[in-house]
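Colleague: Numbering (the numbering used here), first residue to last: -15 to 750.
Rendered as structure tokens:
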């Protein structure tokens, strides 16, 4: 193939014209395109599960590593821990014990006083009391056995190992041995920490658990604790009964002496004052007063009735008295008189009044009248006599009543002290009888040795350790590790300032994404550059992605692909050189004559990718070495592809690139080739990319997905736009499946197309 010649002379450089004027003559007026500003869509409140899953997949190795670290630490700690055995014992606690006799004891009856909750809570606290623990410790001699010192936590063990490892300064500075009281308190505290009281819900059962490195000791402690608790309950009852009996016995002696003294004083006073009691409630004078008072009431009633009859008699003349009208004798006499008068009237029609028979009848009538009048006089006399007798009786009874009242008042005055003495006797007698009865009841109740606490299941030595539970610890460690790893992954993702989604690039930069280049990994024996490997395998996802980029460039401008195109990046290592070569290969395969210009005069790489020497190149032409710049373009082993390597590295790349010779070279190249691609240095910190961008029709910005910080890319775009560089779009390189950016290249995997495979890798050759 014939090499194209570039007869560049000094006259062709058109001296006297500035760089901008020459660029304007060649390219026409270049206006910095307005960035495409997209309306920022409001953030949705809904959680995007695909993004969350993408973060987890992306940071999966972080999650796995964190989980393994946690799991390893927990398992190591579990194996280093002293195995702990847990013994269990079941008690039944009733609110009242068996009643052999129905006699109330000294201890309060829990079945009638209080609630069940406070009673059982009291029993639980008694089981955890220091007094009961001290009893068990003394019975089993746990202080001499150094109870609790053989089981230390990991922190305490590490501290002990550290103290033992550190050199001791002197004996005087060592800790003094603990006193006996301190050792006892430490053992009691350790004992109570190992004891667990767990009531069984909705029952009268309670489970006691004890943890110890020695299984036999744990069972022995629980059995001893249950026995000591039952004994303590019985002792509390017996002590209460014994104290009550002693107290009642002393009080009985005192009350008995007081009762005898009060009875003697009452009898002596009654004899001295002449007070005779019929019973304990009344005396003779009081009885007589009550009888006379009753008789006086009856006499007053009789006198009132007699007086009423008497006054009626005085106000009534003749036979109008009720007693007269009610008299049977008078009524009989009146009937006889009526019969005689009737007979007299009948005979008067026959006889004259002087007739003897008539005179006899008249005499009989008069005789009956005299009898009636005599009977009426008798009745009136009887009424008068009854009234007088009733009044006299009332007067006598009233006089007797007044006398008895005076006697009663006198007796009451003399009985004041007697009543006081009698009440004292009654009180002492009642108190003595009550104390004596209670003393006998307590004696009977104390002799009945019943208990309301019983052991349901005794403790037995456990076979398997309770702690550490390797399965549970491993499961918890796995869960904590996964949750912590996921949290760490989201934390790292939150602090990751690189691009993770394609839409983030478009929103932030205002530029379209023209291509997505997957991250590939070469086979271990394959030493070919990635761009060449993609060319050798045209059906790979790598080659397909650059063909897609070539197609996108066709539609990037109204005139198609910019004929003079430069590729740059924000920083190094973002795959711009690989992109330039791969894109040139795609244009060459499409039948175009393509020229590659390695304008990266700081870190050139095109000659290495294409296997060419770099003895002569762009720097010779820009430096003015005409003897070596005639045939500067070198053909490659790929058809239609020519390269101008960088040549030796100059000390002042920016000055060389800003000269007129670089512009003349590019203008001449567009006349000789269908497509000219320029490999530009990175933008950040350098001016080379800005100079080359002004020379070319368009600039393609290469961004490494998931590695380049956003600020760097944004700063690069700002500098390029400030230099009026025509940015046509962004190319995302080294895209991994975990980034979740569309994932279209999964269709072109190694199962369908041989050669290059898509996978995670750290770097590509620039």
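Glycine included, every Cβ here is placed at the ideal spot set by N, Cα and C.
Secondary structure at residue 616, three-state DSSP: helix, strand or coil?
Modeller: Residue 616: coil per DSSP, three-state reduction.
Colleague: Quick check: residue 181 and residue 111, are their CB atoms within less than 8 angstroms of each other?
Modeller: Yes. Within cutoff.
Colleague: Mind checking whether residue 457 and residue 54 have CB atoms under 8 angstroms apart?
Modeller: No, Cβ-Cβ distance for residue 457 and residue 54 is not below 8 angstroms.
Colleague: Using only the alpha-carbon positions, how far apart do residue 0 and residue 577 sit?
Modeller: Here residue 0 scores only 35 on pLDDT, less than 50, and its place in the model should not be relied on; the value that follows carries that caveat. Their Cα atoms are separated by approximately 33 angstroms.
Colleague: Can you give me the C-alpha to C-alpha distance between residue 493 and residue 473, rounded to a whole angstrom?
Modeller: Rounded to the nearest angstrom, the two C-alpha atoms are 27 angstroms apart.
Colleague: Going by beta carbon distance, what residues of the same chain come within less than 6 angstroms of residue 106, once the five residues before and after it are set aside?
Modeller: Here the set comprises nothing.
Colleague: Using a 10 Å radius around the Cβ and a threshold of 16 neighbouring Cβ atoms, would you call residue 487 buried or exposed?
Modeller: Exposed.
Colleague: When we look at the beta-carbon of residue 717 and count the other beta-carbons within 10 Å, is it buried (16 or more) or exposed?
Modeller: When all chains shown are included, residue 717 counts as buried.
Colleague: Between the segment 575 to 594 and the segment 532 to 541, can you find at least three pairs of beta-carbon atoms closer than 8 angstroms?
Modeller: No contact exists between the segment 532 to 541 and the segment 575 to 594.
Colleague: Starting from residue 717, trace the beta strand (DSSP E) both ways and give me its first and last residue.
Modeller: Per DSSP, residue 717 belongs to the beta strand (DSSP E) from 711 to 719.
Colleague: According to DSSP, is residue 502 part of a helix, a strand, or is it coil?
Modeller: Residue 502 falls in the strand class under three-state DSSP.
Colleague: Under the rule that 16 or more other beta-carbon atoms within 10 Å means buried, what is residue 682, buried or exposed?
Modeller: Burial call: buried.
Colleague: Taking only the alpha-carbon atoms, compute the straight-line gap between residue 606 and residue 44 and give it to the nearest angstrom.
Modeller: Answer to the nearest angstrom: the Cα atoms are 50 angstroms apart.
Colleague: Does the Cβ of residue 187 have 16 or more other Cβ atoms within 10 Å, making it buried, or fewer, making it exposed?
Modeller: Result: exposed.
Colleague: If I follow the unbroken alpha helix (DSSP H) through residue 679, where does it start and stop?
Modeller: First-last of the alpha helix (DSSP H) with residue 679: 672 to 679.
Colleague: In the structure shown, what three-state DSSP assignment does residue 103 receive?
Modeller: If DSSP states are grouped into helix, strand and coil, residue 103 belongs with the helices.
Colleague: Could you check what DSSP says for residue 483 in three-state terms: helix, strand or coil?
Modeller: Residue state, collapsed to three classes: coil.
Colleague: Give the DSSP-derived three-state secondary structure of residue 189 in the structure shown.
Modeller: Residue state, collapsed to three classes: strand.
Colleague: By how many angstroms is the C-alpha of residue 664 removed from the C-alpha of residue 555?
Modeller: Going from the Cα of residue 555 to the Cα of residue 664 covers about 11 angstroms.
Colleague: Within its chain, find whatever has a CB closer than 6 angstroms to the CB of residue 571; leave out the 5 residues flanking it on each side and keep chain order.
Modeller: Contacts found: 578 and 659.
Colleague: Take residue 249 and list the residues in its own chain whose beta-carbon comes closer than 6 angstroms to its own, dropping the five residues that flank it on each side.
Modeller: Within the same chain, residue 249 has close Cβ partners 405.
Colleague: What is the DSSP secondary structure of residue 512, reduced to helix, strand or coil?
Modeller: Coil at residue 512, not helix or strand.
Colleague: Along the beta strand (DSSP E) that carries residue 182, what are the first and last residues, could you check?
Modeller: From DSSP, the beta strand (DSSP E) with residue 182 extends over 179 to 183.
Colleague: Between 358, 363 and 326, which has its C-alpha nearest residue 346's C-alpha?
Modeller: Answer by Cα proximity: 326.
Colleague: May I ask which residues mark the beginning and end of the alpha helix (DSSP H) holding residue 38?
Modeller: Where residue 38 is concerned, the enclosing alpha helix (DSSP H) stretches over 33 to 42.
Colleague: Can you tell me the Cα-Cα spacing of residue 560 and residue 48, whole angstroms?
Modeller: Spanning the two alpha carbons is a distance of roughly 33 angstroms.
Colleague: How many angstroms separate the CA atom of residue 60 from the CA atom of residue 533?
Modeller: Straight-line Cα distance between these residues: approximately 54 angstroms.
Colleague: Is DSSP giving residue 693 helix, strand or coil here?
Modeller: Of the three classes helix, strand and coil, the one that applies to residue 693 here is strand, per DSSP.
Colleague: Excluding the 5 residues flanking residue 410 on each side, which residues of the same chain have their C-beta closer than 7 angstroms to its C-beta?
Modeller: Correct list: empty, nothing qualifies.
Colleague: Would you tell me roughly how many angstroms separate the C-alpha atoms of residue 251 and residue 417, rounded to the nearest one?
Modeller: Rounded to whole angstroms, residue 251 to residue 417 spans 21 angstroms at the Cα level.
Colleague: Are the beta-carbon atoms of residue 446 and residue 67 separated by less than 8 angstroms?
Modeller: Taking 8 angstroms as the Cβ cut-off, residue 446 and residue 67 do not qualify as a contacting pair.
Colleague: Quick one: residues in its chain with C-beta nearer than 6 angstroms to the C-beta of residue 364, no 5 flanking neighbours on either side, listed in chain order?
Modeller: The residues are 297.
Colleague: Start and end of the beta strand (DSSP E) containing residue 437?
Modeller: Run containing residue 437: 437 to 441, per the beta strand (DSSP E) assignment.
Colleague: Once DSSP output is grouped into helix, strand and coil, what is the label at residue 531?
Modeller: Residue state, collapsed to three classes: helix.
Colleague: How many whole angstroms separate the CB atoms of residue 685 and residue 714, which I take to be in contact at a CB cut-off of 8 angstroms?
Modeller: Yes, residue 685 and residue 714 are in contact; Cβ-Cβ is about 5 angstroms, under 8 angstroms.
Colleague: Would you grab the beta carbon distance between residue 442 and residue 201 for me? Rounded to a whole angstrom, and I think it's under 8 angstroms.
Modeller: The pair is not a contact, with the Cβ atoms about 15 angstroms apart (cut-off 8 angstroms).
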